[in-house]
Amino acid sequence: MAKSHVETIRECEVLTDEIVKSARTFIDNCHRWDSCAYGKVLNTLRKRIISDIYEAEYQIEYEKRYQEPTSTQSYEYGNEIAFREADRLAKEVVRELKGKSIEQIYNILKGYR
218 MAKSHVETIR ECEVLTDEIV KSARTFIDNC HRWDSCAYGK VLNTLRKRII
268 SDIYEAEYQI EYEKRYQEPT STQSYEYGNE IAFREADRLA KEVVRELKGK
318 SIEQIYNILK GYR
């Protein structure tokens, strides 16, 4: 059962409320049954949500700084800086998520949509 949840979380194109609710129900039931099977599902769900937040934040920050090339300027160096700055800021957001619950980080992810 845990394997099917892990596969669904990893392979879905977009993490939906139904997928998260199903995984959370599985995790809660494992706690009730005193089962340790929830660990993989919890870790996979947390990693996926954080990865999606990183991607969303990176995209926002990169688009703020990206300069469209023109016939006379490539802006290659400026866009390389935009890449690094967007990466740095997205990682900073991810660091701020440490210690937060699945519910809290999922609500943050929904804010990006």
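One gets the numbering used here by counting positions in the sequence shown from 1 and adding 217 to each.
Built from N, CA and C at the ideal position, the CB exists for glycine as well.
Y329 beta carbon less than 8 Å from that of A273: Cβ distance < 8 Å, so A273 and Y329 count as in contact.
Delimiting residues of the alpha helix (DSSP H) encompassing K257: Element bounds for K257: 255-282.
Touch test, the region 303-322 against the region 284-291, Cβ-Cβ under 8 Å, three pairs minimum: No, the region 303-322 is not in contact with the region 284-291.
Residue span of the alpha helix (DSSP H) that contains E302, given as start and end: Residue range 293-313 is occupied by the alpha helix (DSSP H) that includes E302.
Simplified DSSP assignment, three categories, for V231: In the structure shown, V231 sits in coil (DSSP, three-state: anything other than H, G, I, E or B).
8 Å Cβ shell around M218 - same chain, five flanking residues per side excluded: For M218, where only same-chain residues beyond five positions count, the Cβ hits under 8 Å are F243, A254.
Residue environment, Y275, which counts as buried when at least 16 other CB atoms sit within 10 Å: With 16 or more other CB atoms across the displayed protein chains lying within 10 angstroms of its CB, Y275 is buried.
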